[in-house]
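Chains as they are written, first to last, in our numbering: chain A, 1 to 203; chain B, 204 to 406.
Note that the Cβ used here is the ideal one computed from N, Cα and C, for glycine as well.
Note that the structure is a prediction, hence the values are computed from the model and not measured.
There are 2 protein chains.
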Amino acid sequence: MSRASLFIVSAPSGAGKSTLSNMAVDHFDGLEFSVSYTTRDPREGETDGVHYNFIDKARFDEMASSGGFVEYASVHGNNYGTGRSDLMALLDAGTDVLLDIDVQGAEQIRASMEGEGIFIFILPPSIYECGARLKKRGLDDDEAIEMRLKGAVAEISKCLDYEFIIINDDLKESFERLKSIVLAERTRRRRVESKVKEIFNLS
Amino acid sequence: MSRASLFIVSAPSGAGKSTLSNMAVDHFDGLEFSVSYTTRDPREGETDGVHYNFIDKARFDEMASSGGFVEYASVHGNNYGTGRSDLMALLDAGTDVLLDIDVQGAEQIRASMEGEGIFIFILPPSIYECGARLKKRGLDDDEAIEMRLKGAVAEISKCLDYEFIIINDDLKESFERLKSIVLAERTRRRRVESKVKEIFNLS
């Protein structure tokens, strides 16, 4: 079996990345998230090994220094990372993986995965709309929203490093685009070659 | 505006190429066939400039020798070709083009279009099924079907030169795959870059 595909999805806050990523993983058989590692404490309702692998700082540093993460970062004093061997095990078993990560994480993967990975950036339809969605979500006060928007503007310029760009104006249409990227990837020669050779006895 | 995309669809007889190509062109706005040139006589119901551009042998040879075709071939003593300037005019105007052509035509395009083109091969689910479909279509006698099948086997081995391979086991699923290739292509950075730069004022 040929190795499965790795989809990297990045976006500024408020673009709809988590919603679209969850929809895609729900929709496709054989498309999964890789469970991340974190040093932060579990929140109410979070299960170890399901939402995150919760580990302590010492273990995290050990994994980081031995190349155990394909990408990792520190956010608000907590560490987050994607385990290299977990990711490889999924891909080698034929499971496509979707990583929902920020632009810095995506840059690390670009550097460490040797050309593997399909890079997808999700954009809000405008800066204004991005702010309006954050406001509607109701998790941040105005000052926090302003800070998130500043961050968003900086991140948006990175979209031009990505292979695919989805302008998330309409959720249904954006989901069609995300699905099409996954299904087209699964229709590539690399992915069907062994089946084709078997059916038609090609060498 | 960035140049539109060129989709090349090849398949052996009985794989379902024409059906799928027509469905795709019907489905998408801005996806069209390029009208081919031919030296054969119009059949009942065929309109010049719509189904084909009907031209005489002298004109065809003149176009062929001056590089006026991106691909051309002779089939049963008649000539068929895809006009270079027609194709370029469509692409430059932002219209995606689907060319439904055989493997020899696809090879000529690969050689003459400098890396442009998304190459898609449609396979029957088996040689047997390919024969059964030709039989069911009722256009050929058993001897002609046998000859078509021999040709199909030779063509099938060329599928491994194509970027995408659709095994047409189920028409609905195959159509989803073909649509996904078109929509994913339209979501590529190259295709949305100018819009993104305009919305977010990026340079």
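In terms of beta-carbon proximity, I167/A lines the interface with chain B, with at least one pair separated by less than 9 Å. Neighbours of F263/B in chain A, taken as residues whose beta carbon is under 8 Å from its own, are absent, since the nearest beta carbon is some 34 Å off. Nearest CB-CB separation between E310/B and chain A: not below the 9 Å threshold. Within the same chain, Cβ atoms closer than 7 Å to the Cβ of S221/B are found at D303, the five residues on either side in sequence being excluded. Just measuring C-alpha positions, the residue of Y275/B, I312/B and G233/B sitting nearest T242/B is Y275/B.
DSSP, reduced to helix, strand and coil, places S66/A outside both helices and strands of the structure shown, so it counts as coil.
Taking 9 Å as the cut-off, the beta carbon of A4/A is found closer than this to the beta carbon of G30/A.
Residue-level contact check: S10/A does not touch chain B, since none of the beta carbons of chain B fall below 9 Å from its beta carbon. Of all residues in the stretch 371-387 of chain B, only E379, R380, L381, K382, S383, I384, V385, L386 and A387 come within less than 9 Å of chain A when Cβ atoms are compared, listed by chain position. Straight through space, the alpha carbons of V395/B and R389/B are spaced by roughly 8 Å. Rounded to the nearest whole angstrom, the C-alpha separation of A89/A and L294/B is 43 Å. By the beta-carbon neighbour count (other beta carbons within 10 angstroms, threshold 16), L98/A is buried. Rounded to the nearest whole angstrom, the C-alpha separation of S66/A and G105/A is 17 Å.
Check the Cα spacing between S216/B and each of E265/B, D305/B, G320/B and R392/B: the tightest is with D305/B. Cβ proximity to chain A below 9 Å picks out V356, I359 and S360 from the stretch 349-361 of chain B.
Setting aside the 5 residues that flank it on each side, E319/B is surrounded in the same chain by L209, each with a C-beta closer than 7 Å to its C-beta; the list follows chain order. Distances from the CA of F236/B to each of A214/B, G219/B and M226/B were compared; the closest alpha carbon is that of M226/B. Residues of chain B with a Cβ closer than 8 Å to the Cβ of V196/A are, in chain order, L326, C362, L363, I368 and I370.
Counting of Cβ neighbours within 10 angstroms places R177/A among the buried residues, the total reaching 16 or more. Secondary structure at N225/B: helix, using DSSP grouped into helix, strand and coil. DSSP places I258/B outside both helix and strand once states are collapsed to three, so it counts as coil. The alpha-carbon of K135/A is positioned some 37 Å away from that of A58/A.
Scanning chain A for C-beta atoms nearer than 7 Å to the C-beta of I402/B yields S126, reported in chain order.
Under a 10 Å Cβ-count criterion, S36/A is classified as buried, with 16 or more other Cβ atoms of the shown protein chains found around its own Cβ. According to DSSP, residue pairing for E235/B in a beta bridge involves V300/B.
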